[in-house]
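The structure under discussion appears below in the form of structure tokens.
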Amino acid sequence: MHAFLRLPRLSWRFIPVWQRNYLVWRKLALPSILGNLADPMLYMLGLGYGLGSLLPDVGGMPYLTFLAAGTVAYSTMNAATFEVLYSSFSRMHVQRTWDAILNAPMTLDDVMLGELSWAASKSLLSGLAILAVIWGLGLYGNFWMTLWLIPLVALVGFCFGGMGLVMNAVSPSYDFFLYYFTLAITPMVLLCGVFFPVSQLPQVVQGVSAWLPLTHAIDLARPLVVGEVPGHIALHVIALLIYGSLGYVVALALTRRRLLK
Amino acid sequence: MLKVRGLTKRYGATEVVRNLDLTVQRGECFGLLGPNGAGKTTTLRLLLGLIEPDAGSIELAGIAVPQCAREARMKIGVVPQMDNLDPDFSVRENLLAYGRYFGMSKAAITARVPELLDFAGLASKADARIVQLSGGMKRRLTLARALVHDPDILFLDEPTTGLDPQARHLIWQGLRRLTGAGKTIVLTTHFMDEAERLADRLAILDHGRVVAEGAPRALIESHIEPAVVEVFGEGLADWTHAHAAALCQRFETVGETLFCYTDSPDTVIGVLKQTPALRYLHRPSNLEDVFLKLTGRDLRD
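Chains as they are written, first to last, in my numbering: chain F, 261 to 521; chain U, 296 to 596.
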């Protein structure tokens, strides 16, 4: 058993794995961009204008701005989650691409780090698209401040990529992922302040919300959009890093047990 | 090239590989035979350093496995049992992507691709998608992919399972070219004709142990009588009772067939001709007879 629990050994050899995914993505970039980016943008604009016109300021800003900041975090979370759930699972379980790579001088540590970094890259892309809309519609307070959103979305992608890899490791089939969406992702979307301020929730629920990774992401993203310095930066960044790295380490141990037994 | 001593792997209470000793010389084609579950694939995974042994040592081209598995794998090419070509890439791209996993530069791989495509007989399919390839073409591409980094030794796990005879012959031809060029091959198979044709030496594995080892011809000569007469038809039981023990060195009934192992098939046939209801097949004994003698005829699932 102990062999599965060995800590990850990180190396630059994850790059060919990242590159493999990038090259495949490049072939299908257009439908992929539409699928990944159009959906959150439609929600943001539809709800932002439609619902926003009925609302006074929310959290001290126009609803569209409020929602845009939430969507940066939420679309990034989704991009990374979909990537490490459905796409990584295809590569690991269905196409056996990981098996092929593991016969080369590569370890599972390298392969999964490649997958994680690729998921973060997809998140970056998704976040940049929302950011472009924020810039285009002038939804920001301070342009230079919004540039901090770029490393933030990559970090959010890392966080949710790491967590999603755990699901990938334990899943018997694609159907299993629905549990994760229903029990983790959707509740987070509702509890972490994407569509409405967390302060609207009962006190107890607010307490739970404070621990969830998406809350940390949004607590950083929203001030950056309106041009303020976020509070507790170190806390939020460390929380996101911990969720992501812990996810990666646990996922690696579970996947070792799954593939290398 | 490959030296294995006392290799043991346990899963729970079951010993999947038991105290295995193997030596394979450079340029040799070595066959690992055995029924399903005999430990062939586990042995290959141990040799690659993908799993860790409970006891024993492996030395591959002088490199200790699994301690230095990464260095060792630079010298190994693998053709796995199940095709795992990358379906998102074309034939050429599969080779390019795979070379990068060995740290090769794009220029180095690109320079090698024409030769590999030519070897696999896929030069005209370079830009085809994987789904457009036949089973035989996929196997040949997997073989070419295993050669991308010019390894010294090749591991092939049942390389021709599921292929039609034409496709199998093409693979065999390719493998003989490789051993001709000085590559070492370790091959698992449960096709006896394949092992007899390709392997210079082979080991028969059962329940994780080597039950016989040697050149195919030598194994046949040392384990089994030179000829087999298979008898089947109406009245077989009576005939067996009356003649088998007297005529054959060894015999066994499997289903509705009597296998008569003998030095003097002509005598057996002479007697058989007196019972026209019985049909027979006379053939020289082969590796399959050795295999069945040593591993039994029970189904392994």
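For glycine and all other residues, C-beta sits at the position ideal for the given N, C-alpha and C. Keep in mind that this is a model prediction, so the values were computed, not measured.
Residue 292(F) to residue 501(F), Cα distance in whole Å? 27 Å
Roughly how many angstroms lie between the CA atoms of residue 514(F) and residue 372(F), to the nearest whole one? 12 Å
Every unbroken beta strand (DSSP E) within the segment 457–542 of chain U, with a cutoff of 3 residues, ordered by chain: 479–484, 496–501, 504–509 and 522–528
Go ahead and label residue 424(F) buried or exposed: buried means 16 or more other beta carbons lie within 10 angstroms of its beta carbon, across all protein chains shown. buried
Excluding sequence positions up to five away, which residues of its chain have a Cβ less than 6 Å from the Cβ of residue 495(U)? 323 and 324
Kindly indicate the opening and closing residues of the alpha helix (DSSP H) around residue 505(F). 493–519
Look up residue 375(F) in the DSSP assignment and give the residues it is bridged to. DSSP, once it has assigned bridges, lists no residue as partnering residue 375(F).
Where residue 484(F) and residue 405(F) are concerned, what is the direct C-alpha to C-alpha distance, given to the nearest angstrom? 6 Å
Please classify residue 244(U): does DSSP put it in a helix, a strand, or coil? Because chain U spans 296 through 596 in this model, residue 244(U) falls outside it and cannot be assessed.
Cutoff 9 Å: residue 365(U) Cβ touching any chain F Cβ: yes
Taking residue 337(U) as part of the alpha helix (DSSP H), name the residues at either end of that continuous run. 335–342
For residue 363(U), does the three-state DSSP call read helix, strand or coil? coil
Do you know offhand how far residue 354(U)'s Cα is from residue 409(F)'s? 52 Å
Interface residues of the segment 355–368 of chain F facing chain U [CB-CB below 9 Å]: 355, 356, 357, 358, 359, 360, 361, 362, 363, 364, 365, 366 and 367
Taking the C-alpha atoms as reference points, what is the distance between residue 233(F) and residue 310(F)? Residue coverage of chain F in this structure runs from 261 to 521, which leaves residue 233(F) outside it and unanswerable.
Going along the chain, which residues of its own chain have a beta-carbon closer than 6 Å to the beta-carbon of residue 528(U), five neighbours each way excluded? 572, 573 and 574
C-beta neighbour in chain F for residue 392(U), strict 9 Å: yes
For residue 370(U), I'd like the list of residues in its chain whose CB is within less than 8 Å of its CB, leaving aside the five on either flank, ordered along the chain. 355, 356, 358, 446, 447 and 448
Which ranges would you report for the alpha helix (DSSP H) in the segment 339–405 of chain F if only whole runs of at least 4 residues count? 357–362 and 368–396
Cβ distance (whole Å) where residue 331(U) is taken to contact residue 492(U) below 8 Å: Actually they are not in contact, since the Cβ atoms of residue 331(U) and residue 492(U) sit about 21 Å apart, beyond 8 Å.
Measure the Cβ-Cβ separation of residue 300(F) and residue 390(F) and say whether it is below 9 Å. yes
9 Å is my cut-off, CB to CB: does residue 398(U) come that close to chain F? yes
For residue 327(U), the first and last residue of its enclosing beta strand (DSSP E): 324–328
Would you list, in sequence order, the uninterrupted alpha helix (DSSP H) runs of no fewer than 4 residues that lie entirely inside the segment 297–323 of chain F? 299–310
To the nearest angstrom, how far is it from the Cα of residue 416(U) to the Cα of residue 338(U)? 31 Å
Partner residues on chain F for residue 279(U), Cβ-Cβ distance less than 8 Å: Nothing in the structure corresponds to residue 279(U), since chain U is present only between 296 and 596.
Interface flag, residue 444(U) vs chain F, CB-CB below 9 Å: yes
Tell me, to the nearest whole angstrom, how far the beta carbon of residue 553(U) is from that of residue 450(U); I am working on the premise that it is less than 8 Å. Incorrect: roughly 39 Å between the Cβ atoms, too far for contact.
By the DSSP assignment, the beta strand (DSSP E) with residue 476(F) in it spans what residues? Counting along the chain, residue 476(F) falls outside any beta strand (DSSP E), though it belongs to the alpha helix (DSSP H) covering 473–486.
Taking the alpha carbon of residue 415(F) as the reference point, which residue from 302(F), 337(F), 427(F) and 282(F) has its own alpha carbon closest? 337(F)
Within 10 Å of its beta-carbon, does residue 352(U) have 16 or more other beta-carbons around it, so buried, or fewer, so exposed? exposed
Just the chain F side, please: which residues come within less than 8 Å of residue 408(U) by C-beta, in chain order? Here the premise fails: no neighbours, minimum Cβ distance about 15 Å.
What's the C-alpha gap between residue 524(U) and residue 551(U)? 14 Å
Three-state secondary structure assigned by DSSP to residue 385(U): strand
Residues of the segment 337–352 of chain U whose Cβ lies closer than 9 Å to any Cβ of chain F, in chain order: 340, 343, 345, 346 and 347
Bridge partner(s) assigned by DSSP for residue 452(U): 483(U)
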